[in-house]
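J.: The listed protein sequences correspond, in order, to chains A and B. Residue numbers for the first sequence follow my numbering, so the first one is 4 and each next one is one higher. Residue numbers for the second sequence follow my numbering, so the first one is 282 and each next one is one higher. By construction, the Cβ of each residue, glycine as well, lies at the ideal position given by its N, Cα and C atoms.
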Amino acid sequence: MLQPISVSLESLNLITLSPMLVIIGGALLILIIDLLKKDLDTSLYVMLSVLVLFVDFGATLSLGINERGFFDVMLLDGISIVAQLLILIASMLFIPLALTGKKFHEYSYPEYFALFLFMVGGFQFMVATDNLILIFIGLETASLALYTLIAMHNTRGALEGAMKYFTMGAMAAGFFVMGAAAIYAVTGAVELYDIAKVLQTRIAEPGIMIPVVGGALLMMVAIGFKVSLIPFHLWTPDVYEGASAPMAGYMSIVPKVTMMVVAMRVLGLYVDMGVESVRWMIIALAVVTMTLSNMMALVQRDVKRMLAYSSIAHAGFVMAALALDTTKAYSSIFLYYGLFLFTNLGAFAMLWISRNNKGHRYHPRYHHPYEKFSGLIHYSPAGAVIMAIFMLSLTGVPPFSLFWGKLYVISATVDAGYIWLAIVMVLNSAIAAYYYLKLIVYMFLKPPAPGIETIGINKSKPLVVIVGISAAVTTLSIFIMQPLLSYITYMVSVSGY
Amino acid sequence: MENILSVLIFFPLVAALLGFVVRKESIRVYGLTVAAIEFLLTLWLWFAFDPNNAGFQFIEYIPLVSDFGINYYLGVDGISLFLVVMTGLITLIGIIGLGDVKRLKNMILSLLVLETAMVGVFVSLDAIVFYLFWEFSLVPMLYIIGYWGGERRLYAAIKFFLYTFTGSLIMLVGMLYVAYIYQSVAGVWSFSITDWYALVLPISVQKWLFWAFFIGFAIKVPMFPFHTWLPYAHGQAPTIGSVILAAVLLKMGTYGFVRFSLPMFPDASVAYILPVAVLAIIMIIYTAMVAYAQEDMKQVIAYSSISHMGVIILGTFAMNAEGITGSIFLMLSHGIVSGALFLLVGVIYDRRHTKLMSEFGGLAAVMPKYAVIFGIMLMASVGLPLTIGFVGEYLSLAGFFRISPIMTLLGGTSIILGAIYMLSLYKKSFFGPVTKEENKKLTDLNGRELAALVPLVAIVIWLGVYPKPVLVPIDNSVKALVTFMEEKAQTPEAKAIIHVSTSTKEAK
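(1) Would you check if the distance between the CB atom of Ala-599 (chain B) and the CB atom of Ile-593 (chain B) is smaller than 8 Å?
(2) At what residue ranges does the region 23–72 of chain A contain a whole run of the beta strand (DSSP E), taking only runs of 3 or more?
(3) Starting from the beta carbon of Leu-413 (chain B), find every residue of chain A whose beta carbon is closer than 7 Å, and list them in chain order.
(4) If we cut at 8 Å on Cβ distances, does Thr-261 (chain B) have a partner in chain A?
(5) Could you check the C-alpha separation between Leu-147 (chain A) and Gly-300 (chain B) for me, to the nearest Å?
(6) What residue does the alpha helix (DSSP H) around Ile-315 (chain A) start on, and which one ends it?
(7) If you reduce the DSSP assignment to three classes, tell me which class Thr-668 (chain B) lands in.
(8) Mind checking if Phe-447 (chain A) is an interface residue toward chain B, Cβ cutoff 8 Å exclusive?
(9) List the residues of chain B whose Cβ lies closer than 8 Å to the Cβ of Tyr-437 (chain A), in chain order.
(10) Which residues in chain B have a C-beta closer than 8 Å to the C-beta of Leu-433 (chain A)? List them in chain order.
(11) Flag Leu-286 (chain B) as yes if its beta-carbon sits less than 8 Å from any beta-carbon of chain A, otherwise no.
(12) Can you tell me whether Ala-185 (chain A) is buried or exposed? The criterion is at least 16 other CB atoms within 10 Å of its CB, across all chains shown.
(13) Just by C-beta distance, which residues in the region 466–484 of chain A are closer than 9 Å to chain B?
(14) Going straight from the alpha carbon of Ala-474 (chain A) to that of Gly-408 (chain A), what length do you get?
(15) Please state whether DSSP places His-108 (chain A) in a helix, a strand or coil.
(16) Give the DSSP bridge partners of His-780 (chain B), in chain order.
(17) Helix, strand or coil for Val-357 (chain B)? Go by DSSP, reduced to three states.
(18) Over the uninterrupted alpha helix (DSSP H) stretch that includes Tyr-365 (chain A), give me the two end residues.
(19) With a threshold of 8 Å on Cβ separation, who are the neighbours of Glu-787 (chain B) within its own chain once the five nearest residues in sequence on each side are excluded?
(20) Please classify Leu-332 (chain B): does DSSP put it in a helix, a strand, or coil?
(21) Closest to Lys-532 (chain B) by CA distance: which of B:Ala-335, B:Asp-756 and B:Ile-360 is it?
(22) If the cut is a Cβ gap below 7 Å, which residues of chain B does Ala-425 (chain A) touch?
(23) On a Cα-Cα basis, can you pick out the residue from B:Leu-624, B:Gly-591, B:Glu-640 and B:Leu-622 that is closest to Ser-608 (chain B)?
(24) Answer with buried or exposed for Lys-579 (chain B), where buried requires no fewer than 16 other C-beta atoms within 10 angstroms of its C-beta.
(25) Would the beta-carbon of Phe-447 (chain A) fall within 8 Å of that of Ala-385 (chain A)?
(26) From what residue to what residue does the alpha helix (DSSP H) around Gln-487 (chain B) run?
(27) Take Leu-66 (chain A) as the anchor and find which of A:Ala-161, A:Phe-73 and A:Thr-19 has the nearest alpha-carbon.
(28) In the DSSP assignment, what residue or residues form a beta bridge with Thr-520 (chain B)?
(29) Classify Thr-724 (chain B): buried if its beta carbon has 16 or more other beta carbons within 10 angstroms, exposed otherwise.
(30) Given this structure, state the Cα-to-Cα distance separating Val-357 (chain B) from Val-753 (chain B), to the nearest angstrom.
(31) In angstroms, rounded to a whole number, what distance separates the CA positions of Ser-784 (chain B) and Pro-666 (chain B)?
(32) Across which residues does DSSP place Asn-352 (chain B) in a beta bridge pair?
(33) Against chain B, does Leu-79 (chain A) count as a neighbour if the rule is that its beta carbon must be under 8 Å from one of theirs?
(34) Would DSSP call Phe-139 (chain A) helix, strand or coil?
(35) By the criterion of Cβ-Cβ separation under 8 Å, what are the contact partners of Ile-413 (chain A) in chain B?
(36) Under 8 Å between the Cβ atoms of Asn-347 (chain A) and Ser-255 (chain A)?
Here you go:
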C-alpha cells in the first residue's frame with residue numbers, strides 16, 4: 004500500500020498562483036455570463052476583461068519577490084514579475100481596441116475574450132516558472148488560444164495565417180520538447196536550477212558538450228520560431244498581415260517578451276556557465292535577424308508587412324543583449340520592450356483605425372499600402388502627427404521613447420566590450436530609418452490619395468484613447484525613464500541576473 | 282533671469298505648439314513676433330554674459346535619469362554664446378524674408394521647432410541632451426526640404442536625413458564608450474561634458490574615439506568626402522531652408538569639434554592634424570573648383586559654403602588660440618554671409634523662378650539696390666578686409682601657419698579661388714547688357730526684403746571694422762580651452778603643438 008503523502012498547505016505557497024487563478028477565474032466568469040444571458044454587448048465583455056486584467060495586475064504587484072511555490076515549480080523572481088506586468092499592460096491596452104467604429108466578426112463572440120484571458124494566463128505561467136514542463140504547458144495553452152484568436156478574424160488571410168502559425172508553432176513546440184528531452188537525458192532534471200547544478204559538475208566530462216549544446220540548439224530553434232528570428236521568421240509577415248491590426252501589434256510584443264524570458268532562463272544558463280558556442284550562436288542569430296529583416300522591410304509595399312519585418316528587426320536587436328550576460332543587458336531587454344510596447348501597439352492601432360471591414364479598398368493585394376496614407380496630413384493632421392511620432396520613435400530619434408531603449412541596449416553592448424556589435428546595431432538603425440521615413444514622406448510630403456477622407460473609418464473613442472495613451476508615453480518617456488530604469492534594474496538584479 | 286537658457290530653448294517650442302491655434306491669416310505676424318522676442322532674449326543673454334569669465338555661465342542642472350547619468354545640463358561660454366545669438370538672428374531674418382509660400386503656417390511652426398533644436402545643441406552640456414537636440418533638428422528640416430523644396434525634394438530630404446542620422450549614430454556609440462570609461466574610472470555614470478573633460482583617456486582609446494566623433498561631425502560640416510548630401514539639400518531646399526542650413530545647421534558640426542573633439546581627445550587631435558588638414562584642403566580647393574563650374578547661382582553658393590567650411594576646420598585644428606578663435610568667428614561670419622547670399626538668390630528666384638546664371642545679365646542696371654547688397658555680401662564672402670569675412674579667415678589661416686606654412690598657403694587659395702568664382706558669378710549675372718527681355722521689368726528689392734537684408738549688411742560692415750565686442754569673449758574662452766588642452770595633453774608632441782598664444786592681442 005502506498006504511503007499517503009502529506010503536504011502542508013503552507014508549503015504549497017498557493018499565493019504564487021494567485022495571478023493565474025484570477026485570470027482563469029475571470030475567463031470562466033465570462034463564459035458563465037454568456038451561458039446565463041445571451042445577446043450582451045461586446046462592450047460589457049471588453050470592460051470585464053479589462054477589470055480582470057486589472058485585478059490580475061494588482062495580484063502580480065503584491066507578490067513577494069524570489070518566492071517559490073507549488074512544489075517549487077512556480078518561481079516568482081524579479082524578471083517573472085516584470086514580464087507579467089508587461090504582459091498585463093499590453094493586454095489592457097489591447098483589449099479596448101475591440102470597441103471599433105465598424106463591426107468585426109470576432110468580437111461578437113464572448114468566447115473571444117475568454118480565450119484571450121486564457122492565453123494571457125498561459126503566458127503568465129510561461130514566465131513564472133523555471134520548470135521546462137510547465138514552460139511547455141504554458142506555451143501550448145497560450146499558443147493554441149492565440150491561433151484561434153487569429154483565425155476568428157475570419158478573413159481568408161486570417162485563416163491562412165492561423166494555419167501557417169499553427170503548423171510552424173507545432174513544429175517549434177516539437178523542437179522545444181526535443182531540446183528539453185536532450186537536456187533531461189544528460190542531467191536527469193527538468194528544473195533549470197537542478198540542470199545548472201548537474202551541468203556545473205559534469206561540464207568537464209569529454210563528449211558531454213554534444214548533447215548539452217545540441218539541446219540548447221534545439222531550444223534555440225523553438226525560441227527562434229516564437230520570437231521570429233531569421234531564419235525561423237517565414238510565418239511572421241503573413242500571419243501579421245492576416246491577423247487584425249491590433250492582434251498583430253499584440254503578437255509583436257507579448258509572445259516575444261515571454262519567449263525572451265524563457266530564453267533568458269534557458270540560454271542565459273549556458274551563457275552564464277561560459278559555453279561560448281551558445282553565446283556566439285545568439286549573436287549570430289541576432290546580427291542576421293536585424294540585418295536581413297531590415298533589408299526585407301525596405302522593399303515592402305504594405306505598411307503592416309513593413310511593421311512585421313520591423314518587429315523582427317527589433318527582436319533581433321534585443322536578442323543581441325541576451326548574449327552579453329550582464330545585469331544591464333538583461334534590464335535593457337525589459338526596458339526596451341516596455342517602451343516598444345506602447346510605440347508599436349500605438350502604430351498598429353493607427354492602422355486599425357484606418358481599416359474598413361469590407362475587404363481591400365486601396366490595393367488589390369494589401370489592406371494598408373503606403374499609398375493609402377499619402378497626404379494624410381491634409382485630412383487628419385493629428386492622426387498624421389501621431390503616426391509620425393510612432394515612426395520616429397521606432398527609428399530611434401530622440402526624445403521619443405525607443406531612443407532611450409536603444410541607447411540603453413547599445414550602452415549595455417558597449418559596456419560588455421562588443422563594440423563591433425554596437426556598430427552593427429547602429430548601422431541597422433540607420434537602414435531602418437529609411438522605411439520608417441518612407442511612411443512619413445507619404446503622409447506629409449505627398450499629395451493626398453483619392454479616398455483619403457475615409458481613412459478614419461474605424462475610429463471610435465476607445466481607439467482614440469488607446470492611441471492617445473501610447474502617443475503620450477512615447478513622447479514623454481524621458482520623464483518616466485528614471486523610475487522605470489531603477490525598478491527594472493532592481494528586479495533583474497534581485498533575480499540574480 | 283538665471284534660467285534664461287531654458288527659456289531660450291523652450292520659448293520657440295511652446296510658441297510653436299500654441300501657434301496651432303493662431304489662424305492662418307495672422308501667422309506671419311505671430312512668427313515674426315515670436316522670433317523677434319527670441320532674438321531679443323539672445324541679445325539679453327549677450328549683455329548679461331560676463332566676457333571676462335571664460336567658463337560656463339547661466340548653468341542649469343536638473344537630473345533626468347540619475348541612474349544612467351543623464352542630466353538636463355545647460356551652460357554657455359564664449360564659444361557658444363554668439364552661435365546662440367546668430368541662431369536667433371538668422372531665424373528672425375529668415376522669417377522676415379519669407380516670401381509667399383504655400384502653407385505658411387506649417388512653415389513658420391516648423392521653423393520655430395527647428396529653432397528650439399538649434400539653440401538646444403549650442404547650450405547643452407550633457408552629451409545625451411546634446412544628441413537629443415542634434416538629432417531632433419533633422420525632423421523639422423526634413424519637412425522643410427521635403428515639402429517646400431524643388432523638383433527632387435524627396436530624394437534630397439531623405440538623403441540629408443539618412444546621411445546625418447548614420448553619422449550621428451556612430452558618434453553615439455563613441456559617446457556611450459566615453460561614458461562607460463567614465464563609469465569604470467569614477468564609479469558613477471555621467472554624460473556631462475564637463476565631467477568628460479576631466480577624464481584623461483589613454484592615447485589608443487582617444488584615437489578611435491576621435492574617429493567615431495569625427496564621422497558624426499564631419500558629415501554635418503560636411504567635410505570631403507561626406508559632402509555629397511549638401512549640394513542636393515541646398516539645390517532642392519526652399520530659400521529659408523538653405524539659409525538655416527548654411528547659417529546654423531552646418532555650424533553644429535564645427536562647433537562639435539571645438540566642444541567635444543579638441544578638449545576630450547587633445548592627443549588624438551594633434552596626431553591627426555595632418556589627415557584632417559589634408560581633407561580640409563581638398564575640400565577648399567576641390568569644392569571651389571566645382572563651384573566655378575556651376576551654372577546655377579544657388580549651387581555656386583552651396584559649394585562655396587563647403588569651401589569656407591574647410592577654412593573653419595583648418596582654423597579649428599590649428600590648436601592655438603588664434604586659429605580656434607578665428608574659426609569660431611568665421612562660423613559666425615559665414616553664417617551671416619551665406620545666409621544673406623541664399624536670401625539674395627531667393628529674391629531673384631521669386632521673381633524669375635530660375636537660378637541659372639545664363640538667364641540673367643545686366644541685373645545691376647535693373648535692380649541697383651539688389652546689386653549693391655549682393656556686391657557687399659560677395660566681398661564679405663571672398664574675405665575682403667573691412668568686411669566680416671576677413672577677420673575670421675585671416676585669424677584661422679594665421680593660426681594654421683604655425684602648424685604648416687605650406688598647407689596654409691594651399692588653404693589660402695580659398696580666398697583667391699573664392700574671388701574667381703564669386704566675381705565670375707557677379708559678372709555673368711549683374712554686368713553687361715540686359716540680354717533677356719523678361720529681366721528688363723524686374724522690380725528692385727521691396728520693403729520686406731530690405732528689412733531682412735539691411736541689418737545683415739550693417740553687421741557685415743560693423744564686425745568687419747570693429748570685431749572686438751565679439752572677439753573678446755570668444756578669445757577668453759578659447760584661451761581657457763587651449764590652456765586646458767595643453768595641460769591635459771600627454772604626449773610631448775601634442776604639448777609642443779598646442780600653443781597658448783600671447784600674440785592674439787596683436788592680431789586684434
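T.: Taking the coordinates as given:
(1) For this step, residue 599 (chain B) is matched to residue 318 along the second sequence. For this step, residue 593 (chain B) is matched to residue 312 along the second sequence. In this structure, Ile-593 (chain B) does not lie closer than 8 Å to Ala-599 (chain B) by Cβ.
(2) 70–72
(3) Working through the second sequence from its first residue, we reach residue 413 (chain B) at position 132. In chain order: Pro-401 and Pro-402.
(4) The requested residue 261 (chain B) does not occur in the structure, where chain B is confined to residues 282 to 789.
(5) Sequence index remark: in the first sequence, residue 147 (chain A) carries index 144 (1-based). Sequence index remark: in the second sequence, residue 300 (chain B) carries index 19 (1-based). Rounded to whole angstroms, Leu-147 (chain A) to Gly-300 (chain B) spans 52 Å at the Cα level.
(6) Residue mapping note: residue 315 (chain A) aligns to position 312 of the first sequence, counting from 1. Element bounds for Ile-315 (chain A): 306–325.
(7) Within the second sequence, numbered from 1, the residue matching residue 668 (chain B) stands at position 387. Here Thr-668 (chain B) sits in coil by DSSP.
(8) Position 444 of the first sequence, counted from the first residue, corresponds to residue 447 (chain A). Closer than 8 Å to some Cβ of chain B, the Cβ of Phe-447 (chain A) qualifies, so yes.
(9) Looking up residue 437 (chain A) in the first sequence gives position 434. Simply Ile-439 and Leu-443.
(10) By one-based count along the first sequence, residue 433 (chain A) stands at place 430. It should be pointed out that residue 433 (chain A) corresponds to Ala in this sequence rather than to Leu. Those are Leu-443, Phe-446, Thr-447 and Leu-450, listed as they occur along chain B.
(11) Here residue 286 (chain B) is taken as the residue at index 5 of the second sequence, counted from 1. Cβ-Cβ to chain A under 8 Å: no for Leu-286 (chain B).
(12) Taking the first residue of the first sequence as position 1, residue 185 (chain A) is located at position 182. It counts as buried.
(13) Ile-481, Phe-482 and Met-484
(14) The residue given as residue 474 (chain A) occupies position 471 in the first sequence. The residue given as residue 408 (chain A) occupies position 405 in the first sequence. When rounded, the distance between both Cα atoms is 16 Å.
(15) Residue 108 (chain A) sits at position 105 when you count from the first residue of the first sequence. Correct three-state label for His-108 (chain A): helix.
(16) Sequence index remark: in the second sequence, residue 780 (chain B) carries index 499 (1-based). Bridge partners of His-780 (chain B): B:Asn-601.
(17) Start at 1 with the first residue of the second sequence, and residue 357 (chain B) comes out as number 76. Of the three classes helix, strand and coil, the one that applies to Val-357 (chain B) here is strand, per DSSP.
(18) As a working note, residue 365 (chain A) is residue 362 in the first sequence. Note, Tyr-365 (chain A): premise wrong, no alpha helix (DSSP H); not H, not E.
(19) The residue labelled residue 787 (chain B) in the question sits at position 506 within the second sequence. In this predicted model, Glu-787 (chain B) has a pLDDT of only 43, less than 50, meaning its place in the structure is not dependable; the value taken from the coordinates is given anyway. No residues qualify anywhere along the chain.
(20) By 1-based counting over the second sequence, the position of residue 332 (chain B) is 51. The question names Leu, but residue 332 (chain B) in the sequence shown is Pro. DSSP places Pro-332 (chain B) in coil when its eight states are reduced to three.
(21) Within the second sequence, residue 532 (chain B) is the residue found at index 251, counting from 1. Cα-wise, what sits closest to Lys-532 (chain B) is B:Ile-360.
(22) In the first sequence, the residue the question calls residue 425 (chain A) occupies position 422. Near Ala-425 (chain A) (Cβ distances below 7 Å), the residues of chain B are Val-454.
(23) Against the second sequence, residue 608 (chain B) aligns to sequence position 327. Closest by alpha carbon: B:Gly-591.
(24) Translated into positions along the second sequence, residue 579 (chain B) becomes position 298. Label assigned to Lys-579 (chain B): buried.
(25) Looking up residue 447 (chain A) in the first sequence gives position 444. Looking up residue 385 (chain A) in the first sequence gives position 382. Their beta carbons are not under 8 Å apart, which means Phe-447 (chain A) does not touch Ala-385 (chain A) by this criterion.
(26) One-based indexing of the second sequence puts residue 487 (chain B) at position 206. Taken as a continuous stretch (DSSP letters only), the alpha helix (DSSP H) holding Gln-487 (chain B) covers 484–501.
(27) Numbered from 1 along the first sequence, position 63 holds the residue referred to as residue 66 (chain A). If we check each option's Cα against that of Leu-66 (chain A), A:Thr-19 comes out closest.
(28) Here residue 520 (chain B) refers to the residue found at position 239 of the second sequence. For Thr-520 (chain B), which the question treats as bridged, DSSP gives no partner whatsoever.
(29) Position 443 of the second sequence, counted from the start, is the residue given in the question as residue 724 (chain B). Exposed, by the Cβ-count rule.
(30) Along the second sequence, read from residue 1 onward, the residue named residue 357 (chain B) stands at position 76. Along the second sequence, read from residue 1 onward, the residue named residue 753 (chain B) stands at position 472. Cα-Cα distance, rounded: 15 Å.
(31) Numbered from its first residue, the second sequence carries residue 784 (chain B) at position 503. Numbered from its first residue, the second sequence carries residue 666 (chain B) at position 385. Residue confidence for Ser-784 (chain B) is low, a pLDDT of 48 falling below 50, so the modelled location carries little weight; the figure read from the coordinates is stated next. Taking the straight line from one Cα to the other gives about 20 Å.
(32) The residue labelled residue 352 (chain B) in the question sits at position 71 within the second sequence. DSSP output for Asn-352 (chain B) lists B:Pro-344 as bridge partner(s).
(33) For the purposes of this step, residue 79 (chain A) is identified with residue 76 of the first sequence, where counting begins at 1. Not an interface residue.
(34) Mapped onto the first sequence, residue 139 (chain A) falls at position 136. Helix.
(35) The residue you call residue 413 (chain A) lines up with position 410 of the first sequence. By Cβ distance, chain B contributes Leu-453, Val-454 and Leu-457.
(36) Here the question's residue 347 (chain A) lines up with position 344 in the first sequence. Here the question's residue 255 (chain A) lines up with position 252 in the first sequence. Yes, they are a contact pair.
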